[in-house]
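The structure appears right after this line, and notes come after that.
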Amino acid sequence: SNTPAVHGDLAGRRVVVSAGGTREPLDPVRFLGNRSSGKQGIAIAEAARARGAQVTLVAANLEVAEPAGCDIRRVSTALELQAAVTEASRGADVVVMAAAVADYRPATVSEAKIKKDQSDDGLTLELVRNPDILAGLGHGPHDGTLLVGFAAETEPDDERILELGRAKREAKRADLLVVNRVGWTEGFAADENSAVVIGVDGEIVTRLHGSKVSVADGILDVVVSKLN
Ligand code: CTP
Ligand code: CA
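Its first residue numbered 180, the sequence shown is counted upward by one per residue in full-length UniProt numbering.
This is how it looks when you write it as structure tokens:
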């Protein structure tokens, strides 16, 4: 691979990364999902591995190949992702929540395939809130674990995106929040990414753009500086 020279600056560190997008089942053959490919999260897991970390990747429905050298926990729903991340995060040095987690799930999962009703011309789904996994970690005891969140925003205005990011970081008590713009064409499946990393005082720690691999290394540069 074309991984940059191994720095070893995460040697002896345990890093947990969630990647991909959750799927919330409606019935045996259908789900509510999102367009996250898992690329950015996988790039972070691979980069952390290359820098010497012991990496646990909590993988939700990845659309790309799993990275080598990581302990992989496959999950599908938000609740499964929460259980896996919560367990893996105990005693971890870093948790990176790159996964796109469904904010809601169907209130009930039908045992049988949902059939069309001839008398209806529509269907209303009842959804319930999923727990906020990152906020749960941030508000709970997480002694010495650096929490890194992501925020995907569709707002066109850069300043507005920063404002949303600052509010999100604070609400979740993350140590760092990586904010990027997503849309029909940006983010998700793309190989390139642009992001701003926000710190605990709402300051811009760094601005990153380039391949998802170089953005991953830029995020880890900040992580390393915060760990030391
Ligand atoms: N996240 C999480 N649990 C959820 C939803 C989101 O841990 N139930 C995490 C994501 O993995 C990400 C961060 O929170 O690291 C921000 O996710 P995002 O969807 O941008 O923010 P939300 O708080 O869900 O707000 P909204 O979708 O309303 O903008
Ligand atoms: Ca959300």
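Quick reminder that beta carbons are idealized off the backbone N, C-alpha and C, glycines included. Since we're looking at a predicted model, the values are computed, not measured.
TODO: Consult DSSP for residue 263 and reduce its assignment to one of helix, strand or coil.
DONE: helix
Open item on the list: At the level of alpha carbons, what is the spacing between residue 182 and residue 191?
Closed with: Low confidence applies here, because residue 182 scores a pLDDT of 49, under 50, leaving its location unreliable and the question unanswered by this model.
TODO: Round the Cβ separation of residue 274 and residue 201 to the nearest angstrom and send it over; I've been treating them as touching at under 8 Å.
DONE: Incorrect: roughly 17 Å between the Cβ atoms, too far for contact.
Task: Neighbourhood of residue 310 by C-beta, 7 Å cutoff - its chain only, sequence neighbours within 5 removed - done: 261
Open item on the list: Is any non-hydrogen atom of ligand 1 found closer than 7 Å to the C-beta of residue 278, if you look at the structure I gave you?
Closed with: yes
Open item on the list: Which residue wins for smallest C-alpha separation from residue 333, given the options 359, 321, 342?
Closed with: 359
Open item on the list: Please classify residue 180 as buried or exposed, where buried requires at least 16 neighbouring CB atoms within 10 angstroms.
Closed with: With a pLDDT of 43 at residue 180, under the threshold of 50, the predicted position of this residue should be treated as unreliable, and no value is reported.
Task: Spatially closest choice to residue 283 from 308, 303, 321, by CA coordinates - done: 308
- [ ] State yes or no: is the beta carbon of residue 194 nearer than 8 Å to at least one beta carbon in chain C?
- [x] The question asks about chain C, but that chain is absent: this structure has only one protein chain.
Task: Beta carbon of residue 340 nearer than 8 Å to that of residue 356 - done: no
Open item on the list: For residue 297, count the other beta carbons within 10 Å of its own beta carbon; 16 or more makes it buried, fewer makes it exposed. Which is it?
Closed with: exposed
- [ ] Mark residue 184 as exposed unless 16 or more other C-beta atoms lie within 10 angstroms of its C-beta, in which case mark it buried.
- [x] Its pLDDT being 45, under 50, residue 184 is placed unreliably in this model, and the value from its coordinates should be taken loosely. With fewer than 16 Cβ atoms within 10 Å of its Cβ, residue 184 is classed as exposed.
Open item on the list: Quick check for students: name the residue ranges of the beta strand (DSSP E) that lie wholly in the stretch 276-305, counting only runs of 3 or more.
Closed with: 283-285
- [ ] Please report how far the alpha carbon of residue 278 lies from the alpha carbon of residue 217, in whole angstroms.
- [x] 7 Å
- [ ] Check whether the Cβ of residue 312 sits closer than 7 Å to any heavy atom of ligand 1, and report yes or no.
- [x] yes
TODO: Taking 8 Å as the threshold, find out whether the stretch 201-213 comes into contact with the stretch 222-242 through three or more Cβ pairs.
DONE: yes
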